[in-house]
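A short write-up of the structure that comes next.
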Amino acid sequence: MQIYNFYHYFPSCFLFLHNLFILLNQEKMLSQIFGAKGILSKKLPYFEWRPSQLIMAEKVREALVEGKKVIIEAGTGTGKTLAYVIPAILSGKKVVISTGTKSLQNQLFYKDIPLVEKILNEKPKVVYLKGRRNYLCLWRFNQLISQKLPISKSKEIKILNQWLKITKTGDIAETPFSPEWSGWFELTASTEQCLGQKCPFWHECFITKMKISAQRAQLIIVNHYLFMADLAIREKGYGQVIPFYEAVIFDEAHQLEEIVSEYFGFQVSNFRIAELIYDINLLFEDKDIKKRLNILKEKSDKFFKTFGHLKGKESLNQVMSLLIINKGIYVLKNLLDELMDIIHKVNTFLDIKENLKERVDKIKKELNFIFAQSDPNYAYWVERRKRSIVFGCSPLKVDLILKEHLYSSIKSIVFTSATLNTGDNFSFFKERLGLSYYTEGLILPSPFDYKNQALLYLPPSMPDPNSVDFLQAAAKEIIKILKITKGRALVLFTNLQTMKEIYDKVVSKIPFNVIIQGEQSSPKLLEIFKSDIHSVLFATATFWEGIDIPGEALSCVIIDRLPFAVPDDPLIKARIEFIRKMGKNPFWSYQVPQAIISLKQGLGRLIRHRQDKGLLAVLDPRLYTRSYGSYFLKNLPPCRITRDLKDVAKFFESI
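In structure tokens, the structure reads:
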């Protein structure tokens, strides 16, 4: 009775004691798992004890149990995946693990989770979530079967029909068709297109089943794009994709700012309008209306094609005069008004009718916001992509967005990556993501012996990267290096045009297979690169992070210049101006820290295991001619530095 009264009147004390018991129990379990003679040492054949792995696991456990936000930079080779997955399972909390890419998501679900199950000798409920466009929409498929969708691909439809009888997930990755197959456009549904609970197939829907499965799971595996899309969808009132969760672990957390900025802005493209017209067209058999819709599609295409000359992303003001903006508003407003008029003629499919009306209204509002350019907290831009022209806007700062939509409701958050700190602190990362100055941070250096495993080569007498002589000098230096390394190199560029020009100067001068990004898909390029040990891969941003090529196939990484973000990019340009107006120096407070993180990511491709050895070469002379060069060098792995190719040759004699 007395004990009951104690807990009754002092519930906070009871909670404290309860949490303390959990902490002590989990701390003991983590030591038993990650210790020098722990469970990992017995169950993993190539186990190497890493004290930093246990330290990280304990910090993750602390964040999950005590409701903290922590930042952990775990150098390559720390074993960070196990160091956060195991504490997540032991916490008993419902945890979302968000990765930087789909490939990392795949690795986590299909490789790391089964390994953890073996280690813990238990099988927690884990669910892998993808975005809507990865799942077949039953309503749209049945429209196709009833010949309301104009596709003449009977062979593919028969295969899909058979697949639907056996699939449990509806994941299009299970089918024999490429993700690029044009039919998926008609057979998958975006958030805008989804009818939700009003859909006649709602109970059978693969996404509905996926959500129910996720509600029952302890761990939910997503990628940053889906996570931020979900956060933005909730904010905009479209319903959640990810169910309730208590904690989040972000792996590759250095990517978050750009992804948040993308999903909390607005984007209107010719593809989005064409998709709307296509869906309206499905509801009519009247030839006159179909003809009218085709004319509207042609008008839309004609307007967007006027921006077909663009190269990438440009500021809206630079591309469009006030006259063109007003013309654009007029053309698109009239087009959307006509679409609304046609929608009002729909007498059946009333739920779909309401959905289409909402989509028209939403596009109108977003276009008005973009073209008005009245909110100084956004950057406004237009971009030419492979298959579309996009008008958009992006928030300049994401700190308030994350505070309002994530930090206010989720207390336990772990941010981890191999590249988060600049200058031995997390000030830059904290400021950009709106984290408190007092947020705990932990830096765990890589266990690799960089002084013996890696050599950093800085060529002497290189011209400035902005000089007309740089391309020729860089090409000559790359040829010299590749002859010593016998190929086996990844050559990374910050600019697509520079990559192509230097490739043309190098390809005929070396006796190795030189492959270049753009010739084939990224997975195919990596496959060729791994299989041909002496090959050389020329690549840009896509390959700066997330690829893992251990062993002899990758013995050299060459970087053409320091990876400063392109200052002409409208979002970067607007951020720089915003920081300047705040009275800060944008170069030192934003551009340099961001470039350091990118450079660390690029160089991180080289040493992936204890047995790896290799050369890091940076052709940019600003590392030793500018005051900020030493700041970059301090943030790189602690390897030997040389400016003499003879040292490079000696180093490779020992490999």
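So the sequence shown is numbered by the UniProt record's numbering: it starts at 1 and just counts up by one.
The beta carbon of each residue, even a glycine, is placed where N, CA and C say it ideally should be.
Model, not experiment: these values are computed from the prediction.
To which residues of the same chain is P621 closer than 6 angstroms at the C-beta, ignoring the five residues directly before and after it?
-> M462
Which first and last residues belong to the beta strand (DSSP E) in which N223 is found?
-> Element bounds for N223: 219-223.
Report the rounded CA-to-CA distance for F21 versus K69, giving the unit in angstroms.
-> Note that F21 scores a pLDDT of 48, beneath 50, so its modelled location is shaky; the value from the coordinates is reported in the next line. Distance between the alpha carbons of F21 and K69 is about 21 angstroms.
Would you call the CB atoms of R488 and A418 closer than 8 angstroms?
-> no
Straight-line CA distance for G308 to P465?
-> If I take the Cα positions, the gap works out to 30 angstroms.
Selected residue, minimal CA-CA separation from T306, among E383, P243, L144 = E383
How should I212 be labelled, buried or exposed, when 16 other C-beta atoms within 10 angstroms of its C-beta is the threshold for buried?
-> With fewer than 16 Cβ atoms within 10 Å of its Cβ, I212 is classed as exposed.
State the start and end residues of the unbroken alpha helix (DSSP H) segment that holds K291.
-> 287-305
Nonlocal neighbours in the same chain, by C-beta distance under 8 angstroms from I478, ignoring five residues either side | V491, I502, V506, I558, L619
Apply the 10 Å Cβ neighbour rule to S412 and answer buried if 16 or more other Cβ atoms are within range, or exposed otherwise.
-> That one is buried.
Thinking C-alpha only, which one of Y624, C205, I484, L54 is nearest K646?
-> I484
Which ranges would you report for the alpha helix (DSSP H) in the region 36-114 if only whole runs of at least 4 residues count?
-> 39-43, 51-66, 80-91, 102-107
Evaluate S467 with the Cβ neighbour count: other Cβ atoms within 10 Å of its Cβ, from every protein chain shown; 16 or more gives buried, anything less gives exposed.
-> exposed
Quick one: Cα of A617 to Cα of P567, how far?
-> 24 angstroms
Rounded to a whole number of angstroms, what is the C-alpha to C-alpha distance between F564 and E73?
-> 21 angstroms
C-alpha gap between L226 and D560, whole angstroms = 33 angstroms
Helix, strand or coil at L149 according to DSSP, with G and I counted as helix | At L149 the pLDDT is 47, less than 50, meaning the model places this residue with poor confidence and gives no usable figure here.
Within its chain, find whatever has a CB closer than 7 angstroms to the CB of P586; leave out the 5 residues flanking it on each side and keep chain order.
-> I576, I579, R580
For the alpha helix (DSSP H) containing G602, list its first residue and its last residue.
-> Its alpha helix (DSSP H) spans residues 592-603.
Please indicate yes or no: does the CB of P638 lie closer than 7 angstroms to some heavy atom of the ligand FAD?
-> As for the ligand FAD, it is missing from this structure, which has no ligand bound.
Identify the residues that DSSP records as bridge partners of A489: which are they?
-> V536, C556
Alpha-carbon spacing of L256 relative to K600, whole angstroms = 17 angstroms
Can you tell me the Cα-Cα spacing of E262 and E366, whole angstroms?
-> 14 angstroms
F21 (DSSP reduced to helix, strand or coil) | Bear in mind that the predicted position of F21 carries a pLDDT of just 48, short of 50, making it unreliable; the figure below should be weighed with that in mind. Here F21 sits in helix by DSSP.
Roughly how many whole angstroms lie between the Cα atoms of residue 672 and K165?
-> In this structure the chain extends from 1 to 655, so residue 672 is not present and cannot be described.
Nearest CA to the CA of K43: which residue from N106, E117, A57?
-> Cα-wise, what sits closest to K43 is E117.
To which residues does DSSP link P395 through a beta bridge?
-> Answer by DSSP bridge pairing, in chain order: Y378.
For W544, which residues of its own chain have a beta-carbon under 7 angstroms away from its beta-carbon, when the five flanking residues on both sides are left out?
-> L492, S598, Q601, G602
Chain-order list of residues whose beta-carbon lies under 8 angstroms from that of F369 (same chain, five-residue window excluded) | F266, D375, C393
Between the Cα of P179 and the Cα atoms of L195, Y135, H203, I159, which residue gives the shortest distance?
-> Distance from the Cα of P179 is smallest, within the candidate group L195, Y135, H203, I159, for Y135.
Determine the burial state of I324: buried for a count of at least 16 other Cβ atoms within 10 Å of its Cβ, exposed for fewer.
-> exposed
From E186 to R140, what does the alpha carbon distance come to, in whole angstroms?
-> 7 angstroms
With C-beta atoms as the reference, is T439 less than 8 angstroms away from I71?
-> yes
Helix, strand or coil: which one does DSSP assign to S308?
-> In the sequence under discussion, the amino acid at residue 308 is Gly, which differs from the Ser named in the question. Looking at G308 - three-state DSSP - the assignment turns out to be coil, as it is neither helix nor strand.
Does the beta-carbon of N281 have 16 or more other beta-carbons within 10 angstroms, so that it is buried, or is it exposed?
-> buried
From what residue to what residue does the beta strand (DSSP E) around S241 run?
-> A quick correction: the sequence has Val, not Ser, at residue 241. No beta strand (DSSP E) contains V241, which DSSP labels as neither H nor E.
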